[in-house]
Amino acid sequence: MTVPVAIVGGGIGGLALALELHAAGVECRVFESVPRLSAVGVGINLLPHATRQLDRLGLLPQLSAAAVSTRESVFFNRFGQHIHTEPTGVAAGYRWPQFSIHRGDLQAVLADAVRARLGPDALVTGHTCVDAAEDSTGVTLTFALPDGTTTTQRAAAVVGCDGIHSAIRKQLHPDEGEPVYSGYTMWRGVTVHEPIRSGASMIRAGWLATGKLVVYPIRDAVDAAGRQLVNWVVEIETPQHTGRDWNRAGRAEDFLGHFADWHFDWLDVPALLRGAESVLEYPMVDQDPLPWWGTARVTLLGDAAHPMVPRGSNGGGQAILDAAALAKALRTHATIPDAFAAYEQLRRPATAAVVRANRTNPPDAILREVYERTGDRPFDTIGEVITESELDAILTNYKRTAGYSLTALSEA
Ligand SMILES: Cc1cc2nc3c(=O)[nH]c(=O)nc-3n(C[C@H](O)[C@H](O)[C@H](O)COP(=O)(O)OP(=O)(O)OC[C@H]3O[C@@H](n4cnc5c(N)ncnc54)[C@H](O)[C@@H]3O)c2cc1C
Numbered sequence: 000m001t002v003p004v005a006i007v008g009g010g011i012g013g014l015a016l017a018l019e020l021h022a023a024g025v026e027c028r029v030f031e032s033v034p035r036l037s038a039v040g041v042g043i044n045l046l047p048h049a050t051r052q053l054d055r056l057g058l059l060p061q062l063s064a065a066a067v068s069t070r071e072s073v074f075f076n077r078f079g080q081h082i083h084t085e086p087t088g089v090a091a092g093y094r095w096p097q098f099s100i101h102r103g104d105l106q107a108v109l110a111d112a113v114r115a116r117l118g119p120d121a122l123v124t125g126h127t128c129v130d131a132a133e134d135s136t137g138v139t140l141t142f143a144l145p146d147g148t149t150t151t152q153r154a155a156a157v158v159g160c161d162g163i164h165s166a167i168r169k170q171l172h173p174d175e176g177e178p179v180y181s182g183y184t185m186w187r188g189v190t191v192h193e194p195i196r197s198g199a200s201m202i203r204a205g206w207l208a209t210g211k212l213v214v215y216p217i218r219d220a221v222d223a224a225g226r227q228l229v230n231w232v233v234e235i236e237t238p239q240h241t242g243r244d245w246n247r248a249g250r251a252e253d254f255l256g257h258f259a260d261w262h263f264d265w266l267d268v269p270a271l272l273r274g275a276e277s278v279l280e281y282p283m284v285d286q287d288p289l290p291w292w293g294t295a296r297v298t299l300l301g302d303a304a305h306p307m308v309p310r311g312s313n314g315g316g317q318a319i320l321d322a323a324a325l326a327k328a329l330r331t332h333a334t335i336p337d338a339f340a341a342y343e344q345l346r347r348p349a350t351a352a353v354v355r356a357n358r359t360n361p362p363d364a365i366l367r368e369v370y371e372r373t374g375d376r377p378f379d380t381i382g383e384v385i386t387e388s389e390l391d392a393i394l395t396n397y398k399r400t401a402g403y404s405l406t407a408l409s410e411a
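See below:
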């Protein structure tokens, strides 16, 4: 049997695409490598441009129940001095919230919706794509199965949503260079903790040279005391010593020393970091934007198309925007090659700009500016270091590049 559209990878982008195609009346099937979906990863953020798409898909009630609706984004230096606060999501005037959510919870909401709307067979697990052979009428996919055998599937079109190690991307671009290391590594964990500040605050503090911290809650009221599951990330300049693997275990002794004296009246950072049961480590790498993504019947989406350093809360969101754009292209163009070409024309430059902005001036560029201008020393008043309009310009420019400025979404 030929599947109209085969989606390779049942992560955030692949599942969002299945829901978008279903809504557009395009048949599809998702082929996922892992034998069973489980809650891997830690926290992820969805900004209003992405939650708007998920609202269109009718998923906001389920996501609101699982996520924390983030109300403010706050910046501090490594001495705990306040630099800037800006409201986020609905509190900033958007029609859609910003969600901070466990990646496993997000994937579960999407997978449940795929099974409920497209049928139980729409998401096939335990299928690792190892080859995509395209001809003039379609594509033959080969999958490795958990028992060591292989199976094939014919499809009219294929979308590689298979993440940072995409097999489809490697096949389309075999001579692409190695991932680009940014010069710093991140360690991540989750800790059950009392609400910090508003209980819905995304906090960024310090700077990469000496140690940067990102903290936000991802589940509310996880115990009778009303504590939250709090996601934290530390990032430190360091020579690269690991390959990229979202599930690699890290060691607390590699980073705790950088935060040993971070005892603030708003947070005891060493206690937060030590409170996690386990730690994950990830080298901050991305890849140079590709000069082209796909062919007449095979294309890429999400991290497979545009892996980016996770500094602007945009990895999941851009995959969700890709999914909406591709479904629209398939709905409005007569042929698959025309639809894929239109999708790539729209999304390749847009996402390349985000990849580049995440390297240079994502929101945490505010921390770099303060670090450099103060020579990494405490300040008397922040106004002497950086003006409100400079702070606003950094944040507004990034929002514009990534497609979630208040103006753009108000007009949408
Ligand atoms: C295990 C894991 C943990 C993560 N943890 C975090 C996190 O803590 N914070 C964060 O911000 N982002 C995390 N991410 C990345 C985040 O999900 C993506 O950056 C973003 O959501 C874009 O989604 P995507 O669908 O392009 O890729 P992903 O969500 O990474 O999905 C790719 C999917 O493709 C599957 N796959 C890979 N190769 C094949 C193949 N050959 N055949 C079939 N299926 C294949 C993978 O199993 C995965 O389900 C994680 C990703 C993974 C896979």
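Numbering that gives the first Met the number 0 puts the first residue of the sequence shown at 0, with every later residue one more than the last.
C-beta: ideal position from N, C-alpha, C; glycine also.
TODO: Note down, in chain order, each residue of its chain lying with its Cβ closer than 8 Å to the Cβ of Gly311, except the 5 sequence neighbours on either side.
DONE: On the sequence shown, position 312 is the one that residue 311 refers to. Once the five neighbours on either side are set aside, the close Cβ partners of Gly311 are Val353, Ala356, Asn357, Pro361, Pro362, Tyr397, Ala401.
TODO: Indicate, with yes or no, if ligand 1 has a heavy atom lying under 7 Å from the CB of Glu31.
DONE: The count along the sequence shown starts at 1 and reaches residue 31 at position 32. Yes, Cβ of Glu31 sits closer than 7 Å to a heavy atom of ligand 1.
Open item on the list: What does DSSP give as the partner residue(s) for Trp206 in the beta ladder?
Closed with: Against the sequence shown, residue 206 aligns to sequence position 207. Gly210, per the DSSP bridge assignment.
Task: First and last residue of the uninterrupted alpha helix (DSSP H) at Gln152 - done: Translated into the one-based positions of the sequence shown, residue 152 becomes position 153. Segment 149-159 is the beta strand (DSSP E) holding Gln152; no alpha helix (DSSP H) there.
Open item on the list: Between the alpha carbons of Phe75 and Val7, how many angstroms are there, rounded?
Closed with: Along the sequence shown, read from residue 1 onward, the residue named residue 75 stands at position 76. Along the sequence shown, read from residue 1 onward, the residue named residue 7 stands at position 8. In this structure, the straight-line span from the alpha carbon of Phe75 to that of Val7 is close to 41 Å.
Open item on the list: By the DSSP assignment, the alpha helix (DSSP H) with Asp54 in it spans what residues?
Closed with: Here the question's residue 54 lines up with position 55 in the sequence shown. Element bounds for Asp54: 47-55.
Task: Beta-carbon contacts of Leu58 that lie in its chain and below 7 Å, excluding the five residues immediately before and after - done: In the sequence shown, residue 58 corresponds to position 59, counting from 1. For Leu58, where only same-chain residues beyond five positions count, the Cβ hits under 7 Å are Val108, Ala112.
- [ ] Could you tell me the distance, in whole angstroms, from the CA atom of Glu234 to the CA atom of Tyr370?
- [x] Position 235 of the sequence shown, counting from 1, holds the residue named residue 234. Position 371 of the sequence shown, counting from 1, holds the residue named residue 370. Distance between the alpha carbons of Glu234 and Tyr370: 15 Å.
TODO: Compute the Euclidean distance between the alpha carbons of Tyr342 and Gln152, then round it to the nearest angstrom.
DONE: In the sequence shown, the residue the question calls residue 342 occupies position 343. In the sequence shown, the residue the question calls residue 152 occupies position 153. In a straight line, the C-alpha of Tyr342 is about 24 Å away from that of Gln152.
TODO: Select from Thr331, Arg367, Gln317, Gly374 the residue whose C-alpha is nearest the C-alpha of Leu20.
DONE: Here the question's residue 20 lines up with position 21 in the sequence shown. Selected option, being the one with the closest Cα: Thr331.
- [ ] Identify every residue that forms a DSSP beta bridge with Gln227.
- [x] To locate residue 227, count along the sequence shown from 1; it is residue 228. Beta-bridge annotation (DSSP): Gln227 is paired with His192.
Task: Span separating the alpha-carbon of His240 from that of Pro309 - done: Your numbering for residue 240 matches position 241 in the sequence shown. Your numbering for residue 309 matches position 310 in the sequence shown. Each residue's Cα considered, the two are about 18 Å apart.
Task: C-beta atoms of Ser99 and Tyr183 nearer than 8 Å - done: Numbered from 1 along the sequence shown, position 100 holds the residue referred to as residue 99. Numbered from 1 along the sequence shown, position 184 holds the residue referred to as residue 183. Against a cut-off of 8 Å, the Cβ pair of Tyr183 and Ser99 comes out as no contact.
Open item on the list: Checking 8 Å against the spacing of the C-beta atoms, do Gly13 and Val29 come in under that value?
Closed with: If you number the sequence shown from 1, residue 13 lands on position 14. If you number the sequence shown from 1, residue 29 lands on position 30. Contact: yes.
Task: Top-ranked residue by Cα proximity to Ser135, from Ile393, Thr395, Pro336, Ala364 - done: Position 136 of the sequence shown holds residue 135. Residue Pro336 is the option with its Cα nearest to Ser135.
Open item on the list: Less than 7 Å separating the Cβ of Pro178 from some heavy atom of ligand 1?
Closed with: On the sequence shown, residue 178 is found 179 positions in, with the first residue counted as 1. No, Cβ of Pro178 sits at least 7 Å from all heavy atoms of ligand 1.
TODO: Thinking Val414 and Ile195 are a contact (beta carbons under 8 Å), I'd like their distance in whole angstroms, please.
DONE: Nothing in the structure corresponds to residue 414, since the chain is present only between 0 and 411.
Task: Cβ shell of Ile385 (< 8 Å), same chain only, five flanking positions each side left out - done: Taking the sequence shown and counting its residues from 1, the one referred to as residue 385 is at position 386. Same-chain partners within the cutoff: Ile82, Ile365, Glu368, Val369, Arg372.
Open item on the list: Under 7 Å: does the beta carbon of His48 sit that close to some heavy atom of ligand 1?
Closed with: Locating residue 48 in the sequence shown gives position 49, counting from the first residue. Not so, every heavy atom of ligand 1 lies at least 7 Å from the Cβ.
Task: The alpha helix (DSSP H) enclosing Arg399, as first and last residue numbers - done: The residue given as residue 399 occupies position 400 in the sequence shown. Segment 387-401, the alpha helix (DSSP H) holding Arg399.
Open item on the list: To the nearest angstrom, how far is the alpha carbon of Tyr25 from that of Ala15?
Closed with: Along the sequence shown, one-based indexing puts residue 25 at 26. Along the sequence shown, one-based indexing puts residue 15 at 16. Here residue 25 is Val; the residue named in the question, Tyr, does not match the sequence. So the two alpha carbons sit approximately 13 Å from each other.
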